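In this note's numbering, the protein residues as written are 2 to 384.
Have a look at the structure below, then the notes.
Next comes the structure, spelled out in structure tokens:
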């Protein structure tokens with residue numbers, strides 16, 4: 002190729018390249034594609050609160066000042082036998098303007114000093130007016146101006162329904178005045194404690210944790226319907242199963258706790274064994290269910306009514322029992338199948354009450370009326 006032709010080719014290629022660049026620069030660029038989203042919402046969310054939220058807020062604002070923080074101090078010995086203080090935290094409910102506060106017995110048990118902190122952060126040393134370890138309740142008293150006290154009205158636990166909304170206020174893990182909500186999950190539960198069985202306990206799914214003990218379980222009318230006392234948990238924290246002592250128990254025992262320091266209870270005075278069909282068959286008894294009375298305590302209601310305990314000790318299988326005593330089968334018109342039944346049927350009774358009783362002596366059924374007597378030492382155990 003001649004040199005002149007080469008440079009013509011180069012020049013032609015340069016012109017074509019320049020023309021192509023100019024063409025591409027001036028080519029119209031299409032608009033970027035957009036996703037075809039459209040607003041399908043026909044209305045906007047309101048900024049106001051729901052009726053349910055308003056109820057929660059009202060309950061918290063109006064009743065929160067009636068919930069207190071209870072701090073108890075117990076003295077313990079460490080490994081070197083040094084005395085060291087241990088502090089426990091619970092909740093409490095103001096029930097009148099005389100400075101009386103209800104909480105759980107286990108919150109103040111064996112406490113050497115108890116301090117109550119009110120809603121306004123002021124603190125007062127409290128004294129124990131009375132305790133009922135069987136229902137895990139205690140009444141405290143503080144000396145403070147009446148205007149600082151905001152009593153919560155006692156409601157009723159008679160007509161509660163499963164599914165009913167409930168609210169709890171307390172101090173879980175020391176976080177003061179925490180509100181949680183839920184529903185009544187079940188009614189009529191029996192809660193076994195170290196001191197016995199609490200009957201007709203309210204079960205709810207309102208979150209309660211250590212520190213909530215002694216605090217109120219409330220209905221949406223702002224009434225106290227129970228005292229939160231225990232949770233069911235494998236980890237020690239709320240699993241959505243909480244238990245509250247019904248307020249009707251509190252109503253019944255407050256007068257005794259305030260005036261006496263303990264609850265007057267009837268002393269039925271029997272020790273026995275629940276019958277099973279196998280045991281009844283082996284002993285050739287006339288009934289297959291009931292409470293086989295092994296021992297009657299002298300001076301008790303049962304002793305004064307003429308009930309008899311067993312007279313002969315025998316070995317049956319791997320255990321000893323005392324036979325020959327009466328078999329209690331009913332009390333106050335209700336069947337008695339175990340000692341727990343007996344405790345439940347006597348829970349609402351007081352010394353001086355009269356109850357019908359049915360029992361077997363040998364093959365003969367006897368119906369009688371038992372006048373219940375008190376046993377002061379039975380109820381007078383105080384911390």
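Glycine included, C-beta positions come from ideal geometry on N, C-alpha and C.
Keep in mind that this is a model prediction, so the values were computed, not measured.
Terminal residues of the beta strand (DSSP E) in which residue 337 lies: Note, residue 337: premise wrong, no beta strand (DSSP E); not H, not E.
Going by CA-CA distance only, name the one from 260, 187, 275 that's closest to residue 241. 187
Classify residue 315 as buried or exposed, calling it buried when 16 or more other Cβ atoms lie within 10 Å of its own Cβ. exposed
How would you call residue 90, buried or exposed, if buried means at least 16 neighbouring beta carbons within 10 angstroms? buried
Thinking C-alpha only, which one of 134, 100, 205 is nearest residue 125? 100
Scan the segment 222-308 and note each continuous alpha helix (DSSP H) run of 4 residues or more that stays entirely inside, going in chain order. 248-260, 278-284, 302-306
Could you check where the beta strand (DSSP E) with residue 361 kicks off and where it finishes? 355-362
How about residue 1 and residue 96: are their beta carbons less than 9 Å apart? The shown model of the chain, from 2 to 384, leaves out residue 1, and the question about it has no answer.
Simplified DSSP assignment, three categories, for residue 147: helix
Can you check whether the C-beta of residue 337 is within less than 9 Å of a C-beta belonging to chain B? Absent here is chain B; the protein component of the structure consists of one chain.
Give the C-beta separation of residue 229 and residue 208 to the nearest angstrom, bearing in mind that I take them to be a contact with Cβ-Cβ under 8 Å. Not quite, the Cβ-Cβ distance comes to about 11 Å (not below 8 Å), so this is no contact.
At a cut of 8 Å, does the segment 291-310 reach the segment 337-345 through at least three beta carbon pairs? yes
Rounded Cβ spacing between residue 93 and residue 215 (contact assumed at less than 8 Å): 5 Å
Could you tell me the boundaries of the alpha helix (DSSP H) in which residue 58 lies? 52-64
State the beta-bridge partners of residue 218 as determined by DSSP. 169, 227
Tell me the residue span of the alpha helix (DSSP H) that contains residue 109. 106-109
Per-residue burial, residue 195 [other beta carbons within 10 Å of its own, 16 or more giving buried]: exposed
Reference residue 63; option with closest CA among 102, 152, 145: 152
Determine the contact status of residue 351 and residue 265, defining contact as a CB-CB distance below 9 Å. yes
Between residue 184 and the rest of its own chain, which residues show a CB-CB distance below 7 Å, the 5 nearest in sequence each way excluded? 164, 165, 166, 167, 205, 206
Can you tell me whether residue 49 is helix, strand or coil according to DSSP? coil
Going by DSSP in three states, residue 342 sits in which element: helix, strand or coil? helix
Does the beta-carbon of residue 146 have 16 or more other beta-carbons within 10 angstroms, so that it is buried, or is it exposed? exposed
Among the candidates 129, 149, 297, 282, whose CA atom is the shortest distance from the CA of residue 271? 297
Residue closest to residue 59, alpha-carbon to alpha-carbon, out of 121, 180, 157: 180
Could you pull out every residue in the same chain whose Cβ sits closer than 8 Å to the Cβ of residue 339, ignoring the five residues on either side in sequence? 275, 292
Would you list the one or two residues that DSSP bridges to residue 184? 166
DSSP-derived helix/strand/coil call for residue 347: helix
Starting from residue 209, trace the beta strand (DSSP E) both ways and give me its first and last residue. Per DSSP, residue 209 belongs to no beta strand (DSSP E) and is neither H nor E.
Nearest-angstrom beta carbon gap, residue 360 and residue 323 [assumed within contact, 8 Å]: Contact flag wrong, Cβ pair sits at about 16 Å.
Would you check if the distance between the CB atom of residue 353 and the CB atom of residue 369 is smaller than 9 Å? no
Suppose the cutoff is 6 Å on Cβ atoms and the five residues either side in sequence are ignored; what does the same chain contact list for residue 61 look like? 180
In whole angstroms, give me the CA-to-CA distance for residue 373 and residue 269. 7 Å
So what does DSSP say about residue 93, is it helix, strand or coil? strand
Exposed unless 16 or more other CB atoms sit within 10 angstroms - verdict on residue 319: exposed
Among 193, 252, 247, 154, which one has its Cα closest to the Cα of residue 222? 154
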